[in-house]
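**Student:** Pasting a structure here, questions to come.
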Amino acid sequence: METNNNAITVLYYDQTDMTSICSEVLSGLDVEKNQRVILPQGYRDDKIIVAILDGDCHVRNSLGDRQVYS
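To convert, count from 1 in the sequence shown and add 309; that's my numbering.
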């Protein structure tokens, strides 16, 4: 296993407030041979992880953020 110094962005819902998606940037994580990132012990607690993205990403809009026009 090797350490990846590149940043990743985790998109998740907090189980205590699932009304909006959250994001967090992590770096310096271990990576398996198949390029799967190993999240820190306990990181998944109280989270529903939706996606892991390469790089420091900013979510501009997510479901429900924009007004629906008819």
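Even for Gly, the Cβ is constructed at its ideal location relative to N, Cα and C.
Note that the structure is predicted; figures quoted are calculated from it, not measured.
Over the uninterrupted beta strand (DSSP E) stretch that includes D363, give me the two end residues.
**Tutor:** Residues 356–363.
**Student:** Just how far apart, CA to CA, sit Y378 and S371?
**Tutor:** Their backbone Cα atoms lie some 16 angstroms apart in a straight line.
**Student:** Name the one or two DSSP bridge partners that I347 has.
**Tutor:** D339
**Student:** Compute the beta-carbon to beta-carbon distance between L335 and A316, rounded to the nearest angstrom, for a pair I have assumed lies under 8 angstroms.
**Tutor:** 7 angstroms
**Student:** Taking 8 angstroms as the cut-off, decide whether the C-beta atoms of L380 and S332 are in contact.
**Tutor:** Only positions 310 to 379 of the chain appear in this structure, which leaves residue 380 out of reach.
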